[in-house]
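Chains as they are written, first to last, in my numbering: chain F, 3 to 398; chain L, 3 to 233.
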């Protein structure tokens, strides 16, 4: 086993490092993907429809711009035969000043107004099929949400024309509480809920009924943005492009573009993982095969002796493959331990996500390492099994 | 027991055929002690390998207990060697990183014996060759004579019917060589067939019968009356 220690160490280190890097990447990628999923879930909606001229810098403030498009677009979408549109949330935002501080008054359309329109209801809005991109916690008739759920779900069940929801910063700065009266642009609203803190621009918003805000702004039936909960499968099947064809004057942005950087990082990690896997196979495999060939050559006298003592070719093959198994196990276990240690210590620093050890990866590491070691050793082992015992025992 | 029928062996060397053994016919009965002598390159080792099922003949048949061994597959011949044939090599061919005990255990392991019986038998065999105090020694920690004794213990491990020895005293001093020959005579007296290749006429004379080879041709066979006389 330990003849040619340097060659053995080279082969083992190549496999171990390769496995370690791939385990590390897979581990970090897994937690990074979970972070993306959490982010997507926190955003709630996954498609934004904006005026053509608008460029998106921040998802939460995408509607806070001066360009508008007709509210009729909502009707067009609802009446269309597009599959995978699950929630439409049109918004109109206007800047307001209260007690010397700048806030945003955002008009939203409550869900009950969609349901009230027979045409929209017939289009299948809010009746998404089971399992189609279902986002946990989406409001439903059976489970009417509290008004605070607007923060996360971007949709609200009911909202009267003189009702308002205020963000946490607004409430704090104005000293506003639930059921207080709040005068905005000359209209008095009843604060039906103070929204929990989100850390986004939503904290500085006052939410009111869309039509009320439209009246206050004097802009007529227009909106700045429509937020859409789309079915994931349909999004990947080109829902954004279909919406764009229906609304050629609008700009359609999917959430994947918003979290593009993180998704790109994950994709890069996956590609890196594949590259390292190829490197392991080439470098590790070649090192092990080289070590095994050298080992067979050096041990040919032992092999001849064993054959003279009655060992069959199967036994010789088994002996070398057993050795390969030991190398594979060592490389797999060592690679898993090293890779996990790297992921747990370096993951939070470079990928900015907490990383925990993933026991499932040990099966993966052992599988790759064993298959690689056995495959690389098979030909040398077969050569050993086919050696001519006479040639190996030269003095005879 | 062992019968060679017109056996020839030709090698290709540098593009030309070389005849190592030419039309050799010989019969070795059970319990015989045969020495094979002849100058270097006369075909002695080739003959030994042919008998041991390690080298297939170019022509003729080698019969072991009436069965043509080269009509068997390679693995069947390996099984035959494991069960009935033991080899003693000039350079002992001990596995350097295994202890004396483990070296003797090899044939027992190959025969599928369980480990406790392996160690018991290996210890008994090493005791028989006078190495009961060297069980855990590696070959490099043993003298040349002790290494050959380990090899002799190993050859007896599976209780073979035939022992094939290639220059078993070639690397030994005369005194140790005598001990090895004594041992071969002893196991022959126990009923095992011994075939020994040697350069040394004095060693050859310890056998019951001597076969002389010259340029691959079996030129004579001398039967002795007085056997096992200490030379």
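Built from N, CA and C at the ideal position, the CB exists for glycine as well. As the structure is a computational prediction, the values presented were derived from the model and not from experiment.
Comparing alpha-carbon positions, which option in the options lies nearest residue i?
i: residue 8 (chain L); options: L:222, L:163, L:131 and L:64; result: L:64
i: residue 419 (chain F); options: F:384, F:338 and F:297; result: With chain F running from 3 to 398 in the structure shown, residue 419 (chain F) is simply not present.
i: residue 33 (chain F); options: F:353, F:373 and F:393; result: F:353
i: residue 305 (chain F); options: F:252, F:37 and F:318; result: F:318
i: residue 111 (chain F); options: F:211, F:362, F:314 and F:219; result: F:211
i: residue 376 (chain F); options: F:393, F:323, F:356 and F:364; result: F:323
i: residue 192 (chain F); options: F:208, F:79, F:395 and F:358; result: F:208
i: residue 254 (chain F); options: F:25, F:71, F:8 and F:20; result: F:71
i: residue 3 (chain L); options: L:20, L:31, L:23 and L:39; result: L:31
i: residue 227 (chain F); options: F:274, F:15, F:51 and F:273; result: F:51
i: residue 331 (chain F); options: F:248, F:277, F:8 and F:15; result: F:15
i: residue 358 (chain F); options: F:373, F:246, F:339 and F:372; result: F:339
i: residue 78 (chain L); options: L:56, L:13 and L:193; result: L:56
i: residue 169 (chain F); options: F:382, F:248, F:303 and F:194; result: F:194
i: residue 310 (chain F); options: L:42, L:172, L:59 and L:112; result: L:112
i: residue 42 (chain L); options: L:225, L:214, L:222 and L:54; result: L:214
i: residue 131 (chain L); options: L:116, L:183, L:18 and L:193; result: L:183
i: residue 190 (chain F); options: F:159, F:221 and F:165; result: F:165
Which of the three DSSP states is assigned to residue i in this structure?
i: residue 3 (chain L); result: coil
i: residue 357 (chain F); result: coil
i: residue 111 (chain L); result: helix
i: residue 198 (chain L); result: strand
i: residue 214 (chain L); result: strand
i: residue 230 (chain F); result: strand
i: residue 159 (chain F); result: coil
i: residue 73 (chain F); result: coil
i: residue 42 (chain L); result: coil
i: residue 192 (chain L); result: coil
i: residue 102 (chain F); result: coil
i: residue 199 (chain F); result: coil
i: residue 91 (chain L); result: coil
i: residue 330 (chain F); result: helix
i: residue 29 (chain F); result: helix
i: residue 88 (chain F); result: strand
i: residue 208 (chain L); result: coil
i: residue 247 (chain F); result: helix
i: residue 10 (chain F); result: helix
i: residue 84 (chain L); result: helix
i: residue 37 (chain L); result: strand
i: residue 61 (chain L); result: strand
i: residue 100 (chain L); result: coil
i: residue 388 (chain F); result: coil
i: residue 266 (chain F); result: helix
i: residue 144 (chain F); result: Here the model assigns residue 144 (chain F) a pLDDT of 39, short of 50, so the residue's position is not dependable and the matter cannot be decided.
Please tell me whether residue i and residue j are closer than 9 Å, where the distance is taken between their beta carbons.
i: residue 106 (chain F); j: residue 224 (chain F); result: no
i: residue 190 (chain L); j: residue 153 (chain L); result: no
i: residue 334 (chain F); j: residue 370 (chain F); result: yes
i: residue 202 (chain L); j: residue 47 (chain L); result: no
i: residue 256 (chain F); j: residue 48 (chain F); result: yes
i: residue 314 (chain F); j: residue 24 (chain F); result: no
i: residue 27 (chain L); j: residue 216 (chain L); result: no
i: residue 172 (chain F); j: residue 219 (chain F); result: no
i: residue 124 (chain L); j: residue 80 (chain L); result: no
i: residue 138 (chain L); j: residue 102 (chain L); result: yes
i: residue 210 (chain L); j: residue 35 (chain L); result: yes
i: residue 289 (chain F); j: residue 31 (chain F); result: no
i: residue 180 (chain L); j: residue 96 (chain L); result: no
i: residue 38 (chain L); j: residue 199 (chain L); result: yes
i: residue 229 (chain F); j: residue 55 (chain F); result: no
i: residue 297 (chain F); j: residue 266 (chain F); result: no
i: residue 378 (chain F); j: residue 286 (chain F); result: yes
i: residue 147 (chain L); j: residue 178 (chain L); result: yes
i: residue 151 (chain L); j: residue 143 (chain L); result: no
i: residue 160 (chain F); j: residue 113 (chain F); result: yes
i: residue 33 (chain L); j: residue 194 (chain L); result: yes
Q) Which residue spans inside the stretch 138-190 of chain L form an unbroken beta strand (DSSP E) run of at least 3? A) 164-168
Quick one: which unbroken alpha helix (DSSP H) runs of 4-plus residues sit fully inside the stretch 288-323 of chain F? Chain order, please. 302-310
**Study point:** Stretch-stretch touch, CB-based, cutoff 8 Å, three pairs: the stretch 59-77 of chain L with the stretch 116-127 of chain L
**Key:** no
_Please give me, in chain order, every unbroken run of the beta strand (DSSP E) with length at least 3 that falls completely inside the stretch 8-33 of chain L._
18-30
**Message:** Pairs of beta-carbons, one from the stretch 82-92 of chain L and one from the stretch 161-179 of chain L, closer than 8 Å: are there three or more?
**Reply:** Taking one beta carbon from each stretch, the stretch 82-92 of chain L and the stretch 161-179 of chain L have 3 or more pairs nearer than 8 Å; the two touch.
- request: Specify whether the stretch 211-222 of chain F and the stretch 79-96 of chain F touch according to this definition: at least 3 beta carbon pairs, one from each stretch, less than 8 Å apart.
  value: yes
At least 3 beta-carbon pairs within less than 8 Å: the stretch 77-87 of chain L vs the stretch 155-162 of chain L: Because the criterion of three Cβ pairs below 8 Å is met, the stretch 77-87 of chain L and the stretch 155-162 of chain L touch.
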